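Enquirer: Residues in the sequence shown are numbered consecutively from 632, following this note's numbering.
All residues carry an ideal CB built from backbone N, CA and C; glycine is no exception.
Computed from a predicted structure; not experimentally measured.
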Amino acid sequence: AKARGRNRVALFEAAMRAESEQRLTLERDLAGAIERGELLMHLQLQCDADGKPGGAEMLMRWQRADGRFVPPDVFIPIAEASGLIVPLGHWALQQACQAWLRLNAAGHPLPLSVNVSPMQFGQADFVAQVRAVLAETGVPADQLILELTEGLLIKDRDATIARMHALAAIGIRFSIDDFGTGYSNLGYLKRMPLYELKIDKSFVRDTPDGGDGDAIVRSILAMAGHLRLRVVAEGVETREQAAFLAANGCPVMQGYLFARPQPLAQVLASLEAALAA
Ligand code: C2E
Ligand code: CA
Ligand code: CA
Ligand code: CA
632 AKARGRNRVA LFEAAMRAES EQRLTLERDL AGAIERGELL MHLQLQCDAD
682 GKPGGAEMLM RWQRADGRFV PPDVFIPIAE ASGLIVPLGH WALQQACQAW
732 LRLNAAGHPL PLSVNVSPMQ FGQADFVAQV RAVLAETGVP ADQLILELTE
782 GLLIKDRDAT IARMHALAAI GIRFSIDDFG TGYSNLGYLK RMPLYELKID
832 KSFVRDTPDG GDGDAIVRSI LAMAGHLRLR VVAEGVETRE QAAFLAANGC
882 PVMQGYLFAR PQPLAQVLAS LEAALAA
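#1: Does the pairing of the region 649 to 662 with the region 874 to 885 give three or more beta-carbon distances under 8 angstroms?
#2: Based on Cα-Cα distance, which residue from A846, K821, E827 and R637 lies nearest to G686?
#3: Give the range of the alpha helix (DSSP H) segment to which D808 is assigned.
#4: Grab me the residues of D831's own chain with a C-beta within less than 7 angstroms of its C-beta, minus the 5 sequence neighbours each way, in chain order.
#5: Give every residue of the same chain whose Cβ lies closer than 6 angstroms to the Cβ of H796, excluding the five residues on either side of it in the sequence, and list them in chain order.
#6: How is M823 classed by DSSP in three states: helix, strand or coil?
#7: Work out the CA separation of R692 and P749 for me, nearest whole Å.
#8: Go to I776, then tell me how far its beta strand (DSSP E) extends in each direction, as first and last residue.
#9: With a threshold of 6 angstroms on Cβ separation, who are the neighbours of S713 within its own chain once the five nearest residues in sequence on each side are excluded?
#10: Tell me the rounded alpha-carbon separation between A846 and A853.
#11: Could you tell me the distance, in whole angstroms, from the CA atom of N638 to the CA atom of P708?
#12: Would you say D808 touches ligand 3, meaning its beta carbon is less than 8 angstroms from a heavy atom?
#13: Alpha carbons only, please: which of W722, P892 and F706 is nearest the one belonging to E666?
#14: Is E827 near ligand 3, with its Cβ less than 8 angstroms from a heavy atom?
#15: Between the Cα of A742 and the Cα atoms of M689, F700 and L784, which residue gives the shortest distance?
#16: For a quick check, are the C-beta atoms of I785 and S806 less than 9 angstroms apart?
Following this line, the structure appears as structure tokens:
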């Protein structure tokens, strides 16, 4: 029995070692991914209750040389832990501005939402970086919405809020992503120059249930209404969810029911097709 126990420990240790080696390999490969052209941005349209697109979220994709995609839920945490998220996030901002220029040139000036990690937002020169990207591309600041998570406020709360105000002053808009899943002190909401809340898909998934799931989403919608914040529901997959959200006044929806995250070319084609229809 003792030998078997030792065996199991050895197996466990081997598995741990394999996992941390895999992480290190991914981290090393990710560090060169931009240069090798393996990163791309997909866009997921956000629609009103009638299905009319009013914006899109930029979502990063990593396609390795063998063609396989590494899921963001795998590589984004590695990027965050290693600090690589700073250059990757900067690249994502540049890509968003390039995408906006192409959409605008095609007659679809849709505001674009970009995910910004706490570490990226915490860079001393973040405001300057945003200004530089806007100046280089000529994209109006009010066409970018930065999606932040509640985790942003764990460190340096005052500096973070001051930085948000500095960016809001030039026209940048802010969204709280995955609202309701993180740091749950609502007092900070008042102090931040917010434009939008995104209802996390874990809450949308539970609607309509005629019970607690509905109550949570209704409460978020009511609170956002009182604070005059726009709401985006994410992860909308079914007609029933969309009908429930629309009936409760949710103005914007994002999810597979309306559109998948897609390369820009496909998004442009679907916008053209919708116009022609
Ligand atoms: P997120 O910001 O909450 O993005 C929404 C996620 O929900 C995306 O996953 C999207 O593909 C997925 N999604 C959209 N509609 C549906 C739906 O109807 N059902 C379901 N089940 N899922 C849906 P994705 O693209 O895998 O990204 C995962 C996370 O990775 C993102 O979650 C975000 O936290 C992070 N991420 C992605 N791109 C970036 C980026 O450029 N920068 C940073 N910092 N994080 C990023
Ligand atoms: Ca997001
Ligand atoms: Ca989200
Ligand atoms: Ca999420």
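Expert: On the basis of the supplied data:
#1: The answer is no - the region 874 to 885 does not touch the region 649 to 662, with fewer than three Cβ pairs under 8 angstroms.
#2: Start at 1 with the first residue of the sequence shown, and residue 686 comes out as number 55. For the options A846, K821, E827 and R637, the alpha carbon positioned closest to that of G686 is the one of E827.
#3: Residue numbering aside, residue 808 sits at position 177 when the sequence shown is read from its first letter. Not the alpha helix (DSSP H): D808 falls in the beta strand (DSSP E), residues R804 to F810.
#4: Start at 1 with the first residue of the sequence shown, and residue 831 comes out as number 200. Taken in chain order, the residues that qualify are D809, F810, G811, T812 and E865.
#5: Residue mapping note: residue 796 aligns to position 165 of the sequence shown, counting from 1. Here H796 has P824 as same chain residues with Cβ atoms under 6 angstroms from its own Cβ, once five neighbours each way along the sequence are excluded.
#6: Locating residue 823 in the sequence shown gives position 192, counting from the first residue. Coil, per DSSP.
#7: Along the sequence shown, one-based indexing puts residue 749 at 118. Along the sequence shown, one-based indexing puts residue 692 at 61. Distance between the alpha carbons of P749 and R692 is about 19 angstroms.
#8: As a working mapping, residue 776 is identified with position 145 in the sequence shown. That run of the beta strand (DSSP E) goes L775 to T780.
#9: Stepping through the sequence shown from its first residue, residue 713 is reached at position 82. E658, listed in sequence order.
#10: By 1-based counting over the sequence shown, the position of residue 846 is 215. By 1-based counting over the sequence shown, the position of residue 853 is 222. About 10 angstroms.
#11: Locating residue 638 in the sequence shown gives position 7, counting from the first residue. Locating residue 708 in the sequence shown gives position 77, counting from the first residue. Take the alpha-carbon of N638 and the one of P708: they are about 31 angstroms apart.
#12: For this step, residue 808 is matched to residue 177 along the sequence shown. The answer is yes for D808.
#13: Looking up residue 666 in the sequence shown gives position 35. Answer by Cα proximity: W722.
#14: Residue mapping note: residue 827 aligns to position 196 of the sequence shown, counting from 1. Not under cutoff, so the answer is no.
#15: Numbered from its first residue, the sequence shown carries residue 742 at position 111. According to the sequence provided, residue 742 is Pro. The question's Ala does not apply to it. When only C-alpha atoms are compared, the closest one is M689.
#16: Taking the first residue of the sequence shown as 1, we reach residue 785 at position 154. Taking the first residue of the sequence shown as 1, we reach residue 806 at position 175. No, the Cβ-Cβ distance between I785 and S806 is not below 9 angstroms.
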